[in-house]
Every structure is written in structure tokens, then in C-alpha cells.
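**Q** Residue numbers (our numbering), protein chains in the order written: chain U, 1285 to 1399; chain G, 4 to 121.
Yeah, the Cβ is synthetic: ideal placement off N, Cα and C, and Gly gets one too.
Below is a structure I'd like to ask you about.
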Amino acid sequence: GAGVSQSPSNKVTEKGKDVELRCDPISGHTALYWYRQSLGQGLEFLIYFQGNSAPDKSGLPSDRFSAERTGGSVSTLTIQRTQQEDSAVYLCASSPGTSGRWVQYFGPGTRLTVT
Amino acid sequence: AQKVTQAQTEISVVEKEDVTLDCVYETRDTTYYLFWYKQPPSGELVFLIRRNSFDEQNEISGRYSWNFQKSTSSFNFTITASQVVDSAVYFCALIPEYYGGSQGNLIFGKGTKLSVKP
């Protein structure tokens, strides 16, 4: 079956603009995770969804970041008023449940460059 | 604290050498899961293995083997007879599981970049 897909694969935006990043999880996976990978910070967790619910948003770096998930499937990560420090690769992963019993499968990522 | 440490930032070996990637973890939970992921130059994270905290059996999969030792909080990864295709960044990760469940996010180490030269 299809894996996790993300779009766009690359995004270049000007500082101050808003961007939307999309993730399509593996069909049937109820858990969805967003991570960010940058040179300075490594791989850091941003937010997770169980179904359409995001119980804990404390991993989001600032209030410019938001995420939603609809229909228990597609998720969108939105960054408002982008800053240069937002430049990173944004990774999405999905799994059948929210536990270490389940393996998370990752998408190819979206490389965001803020100029 | 919940933390994963990969002390080796970069390792370079010549093809056919054996190489071990170190991983040390910290967690206050008695139930937890450990993972290794591979990130080749293409960028996509590929799952390699998962262990739970109650299973200390070592595992071998082809040229790959993993040594889990709770006494030293380590989960090391060995590649035997390395090949150029093994060149990648390898990440060790932890998911702690506390009573009542877990949000299940991976806590990653900083990764070890392995270069295998022909």
C-alpha cells in the first residue's frame, strides 16, 4: 500500500508569509505525528494527533504554528508570519496507535526555506 | 529526564569493516520502547528495529545486530562487513510508556553519520 506522503516537497517563502504543509498518512493509521529536523536542533517533536484530536500542543515552537487534522486522515501544519529560524525539514509520521508498541512510518518531508 | 545520547557524531570506515553505533538512553519509566532508524542521503527515515524494555534478547538481521543492555541503559547497533550502501545517518530513539498510556512521540538522539568508503 501507499506510504506517508507530504506536499510540497520543497517550499521557499519570504519572511513574514504564511505557509501550509500537508501530510497524507497511511490509510487506517489513527495516530499522526509532526517532527522538525534542523541542523542545530536535530529531530524534534512538534505535535501529534489521535484521530482528529491534538491533546498536547506544547511541542509547537510558538503560537505562529498550528495544525489540524480532518476526517482522521490528512493533516495540515500551518506556520504564520514565517521567520528564518523556521527553515527546516518538516517530517510527518503515522502509526496505527499512540504507543511504542506501534512503529511510526515517515514521509519524505517538506524542506522549508525562509528567505 | 527522557533523553537519548549518541556520542559518535560521525564515523568513517572502509568497506567490509565492522562498525558499532552507540546509543545510551535515560528514562524514569519501567516500560519503554527503543528504536533505530536509518536516514540515507535521500532523506526519508527508514525504520530498522524496535525493542521493548522487557525483552533484552539481542537481535540479528542479516548483517545488522543489536545489543540491548538495561544494566548500562544502552542499545547499540552493529553492522558487520559494512557496505557503501550502509552510508547514512542513523538515529536511536526512545518512547517512554507511563501508566495510562503514552502520546507515543519519538525522542531522538542527535544521530550518527556513517560513511563507508569503498
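1. Would you say Val1398/U and Thr1297/U are within 8 Å of each other, going by their C-beta atoms?
2. List the endpoints of the continuous beta strand (DSSP E) containing Asp1308/U.
3. So the beta strand (DSSP E) Val1288/U belongs to, where does it begin and stop?
4. Is there at least one Cβ from chain U nearer than 8 Å to Ile14/G's Cβ?
5. Counting C-beta neighbours from all protein chains within 10 Å, is the total for Ser85/G 16 or more, i.e. buried, or is it exposed?
6. For Ser1291/U, which of Gln1364/U, Val1358/U, Thr1366/U has the nearest alpha-carbon?
7. Under the three-state reduction of DSSP, which class applies to Gln86/G: helix, strand or coil?
8. From Ala1338/U to Gly1391/U, what does the alpha carbon distance come to, in whole angstroms?
9. Between the beta-carbon of Asp32/G and the beta-carbon of Ala10/G, is there less than 8 Å?
10. So within the segment 7-36 of chain G, which uninterrupted beta strand (DSSP E) runs reach at least 3 residues, ignoring any that extend past its ends?
11. Closest by CA to Arg1348/U, which one among Lys1295/U, Ile1310/U, Lys1301/U, Gly1381/U?
12. Among the residues of its own chain, which have a CB less than 7 Å from the CB of Thr30/G, if the five just before and after it don't count?
13. Nearest-angstrom Cα distance between Leu109/G and Thr12/G?
14. Look at Leu1230/U and Val1303/U and say whether their C-beta atoms are less than 8 Å apart.
15. Taking only beta-carbon positions, decide if Gln1388/U is within less than 8 Å of chain G.
16. In whole angstroms, what separates the C-alpha of Lys1299/U from that of Pro1309/U?
**A** According to the structure shown:
1. yes
2. 1303-1308
3. First-last for Val1288/U: undefined, no H or E at that position.
4. no
5. When all chains shown are included, Ser85/G counts as buried.
6. Val1358/U
7. coil
8. Straight across, the Cα-Cα distance linking Ala1338/U with Gly1391/U is about 19 Å.
9. no
10. 13-17, 22-24, 27-29
11. Looking at the Cα atoms, Lys1301/U is the closest of the given residues.
12. Gln5, Leu97, Pro99
13. 20 Å
14. Past the boundaries of the shown model lies residue 1230/U; chain U is included only from 1285 to 1399, so the question cannot be answered.
15. Residue-level contact by beta carbon holds for Gln1388/U and chain G, with a gap shorter than 8 Å.
16. 29 Å
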